[in-house]
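Residue numbers (our numbering): 7 to 509.
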């Protein structure tokens, strides 16, 4: 079904009109979002404790509500998890996205209200398809199936409250009309055991008419590689001739782009969405550019902390009117899910202010700054992408950590990288990685100057399946679980290096 006419086309055209409104009047739309959230939440426990009913300006909002982390919200979330009503959002919060992460042993339970489920998460999914279809009017994806790869967490029910992986919650509540266009079915998608789930998915989808893929690049690659091997197929289009696009999110796609290109003999398009347990925030809206349009009418009010002020006792958060292009900001959100001035841990840079477009640069806690080099994920992944291109390599996963100075040697960075296709020359790969990092990061370059503080990076080639094994031992296979890219300590990389010795 081409998008030339029909109800779907006209619905999308109407939605595009709404998007054009927030692109043209971003500040008015954002102010409306904040006022709506505060009005709806004024009689909740959090709203009463922070005088939501008396807040009539952004200045008062900032005065009454401090910037918060999950730990600050935990007492409220504990009450809501026990089924208590009107804690963070009106009524009873039925769903909580469980996110254990890889940097914190404690599980986090992010509240998902009916409003955030419908007006943010599902709205974001529909907008992802809409923006893609408007960029590619010749698309035929709506005539075919969508292969989704959801999480593997069990949905736990306690006090009439359901907790689980975000994708599991979204799949569980998907309307019937949308469910009919997705494979595998709900039963397989919600299977808890990852090793049992993979063959079940392959059996269910290999002979389907798949037109698009949606999922996290790392886990989708595991599935697709296994599928091609088991079905003895050279490329994905040999199995799915109508495959057109991969909708992806969750991690930076740059290191995976070349390997995904190699999976299809014809062009496979890529389209990014920036979503998390806390909400959907931005979506790619142009075919020629991969930066993301900040979505301003999802029941989210945005603020941004300049990263050069992030470690100050009381950093100032900026509204959209105050941000600048190409500066690194920590993202702060207030949502219709019951989060208020919540620091989600992601960092972004603006690529455009009219309209507001961003790209994700990393995490507030995932960096290496052992020697004052301030290396962030954005630096790392741009450098890895160039090193791969110049040495004809494809990587699957990686992590990096500092090697600390001692009396005999200076410091350096150790990179543990699992390749799908190894570089022609590892020494050349290391050189290109190092040179690109220096061109991207002046602090890193200063420390590398004449090996002043940092010596040449040390790259260790990880055996195939190492990161999968590490995640498995942590009980973190599938879903939103990720390998920590950069760490300021050696905890994770030492665990992985130990696994190499054991195997």
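All C-beta atoms in this analysis are idealised placements derived from N, C-alpha and C, irrespective of residue type, glycine included.
Note that this is a predicted model, so its numbers are computed, not measured.
Look at the beta carbons and you see the segment 74–83 not touching the segment 363–381: under three pairs across the two are nearer than 8 Å. One Cα belongs to residue 54, the other to residue 96, and the distance between them is close to 12 Å. Contact holds between the segment 485–494 and the segment 169–177, because three or more Cβ pairs, one in each stretch, are under 8 Å apart. Around the C-beta of residue 507, fewer than 16 other C-beta atoms lie within 10 Å, and the residue is accordingly described as exposed. Minimum Cα-Cα distance from residue 377 among the listed residues 360, 349, 416 and 386 corresponds to 416. Separation of residue 430 and residue 396 (C-alpha to C-alpha, rounded to the nearest whole angstrom) is 9 Å. Look at residue 314 here: in three-state DSSP terms it is helix. For residue 24, the secondary structure class from DSSP, reduced to helix, strand or coil, is helix.
Residue 68 sits in a helix when the DSSP states are folded into three classes. The bridge partners DSSP lists for residue 218 are 152 and 251.
Between residue 306 and residue 285 the beta-carbon gap is near 6 Å, inside 8 Å, which marks them as a contact.
According to the DSSP assignment, residue 157 belongs to no beta strand (DSSP E), since it is labelled neither H nor E. An exposed status is given to residue 182, since fewer than 16 other beta-carbon atoms sit within 10 Å of its beta-carbon. Straight-line spacing of the CA atoms in residue 67 and residue 329 works out to 19 Å. Contact annotation: residue 309 and residue 340 have beta-carbon atoms nearer than 9 Å. Taking one beta carbon from each stretch, the segment 238–250 and the segment 445–455 have fewer than 3 pairs nearer than 8 Å; the two do not touch. In the three-state reduction of the DSSP assignment, residue 421 falls in the strand class, which pools E and B. In the DSSP assignment, residue 183 falls outside any beta strand (DSSP E) and lies within the alpha helix (DSSP H) extending over 182–185.
Residue burial is scored here from C-beta neighbours: residue 88 has fewer than 16 other C-beta atoms within 10 angstroms and is therefore classed as exposed. Per DSSP, residue 491 lies in no beta strand (DSSP E) segment and is marked neither H nor E.
The distance from the Cβ of residue 130 to that of residue 281 is about 6 Å, consistent with a contact at the 8 Å cut-off. In the DSSP assignment, residue 105 is bridged to 114.
By the Cβ neighbour-count rule, residue 385 is buried, with 16 or more other Cβ atoms within 10 Å of its own.
Judged by their CB atoms, residue 58 and residue 52 are nearer to each other than the 9 Å cut-off. The three-state reading of DSSP puts residue 452 in helix, counting H, G and I together. In the three-state reduction of the DSSP assignment, residue 277 falls in the strand class. When DSSP states are grouped into helix, strand and coil, residue 334 belongs to the strand group.
Counting the other Cβ atoms within 10 Å of the Cβ of residue 269 gives 16 or more, which makes it buried.
Going by DSSP, residue 167 is part of the beta strand (DSSP E) stretching over 167–170. Taking the C-beta atoms as reference points, residue 271 is found nearer than 9 Å to residue 240. Checking the DSSP bridge columns, you'll see residue 188 partnered with 152. Assignment of residue 164 by DSSP, reduced to helix, strand and coil, places it in the strand class. Contact between residue 302 and residue 81 is ruled out by a C-beta separation of about 31 Å, above the 8 Å threshold.
Between residue 469 and residue 424, the CB-CB gap stays under 9 Å. With a threshold of 16 other beta carbon atoms within 10 Å, residue 26 falls short and is exposed. One alpha carbon belongs to residue 23, the other to residue 276, and they sit about 24 Å apart.
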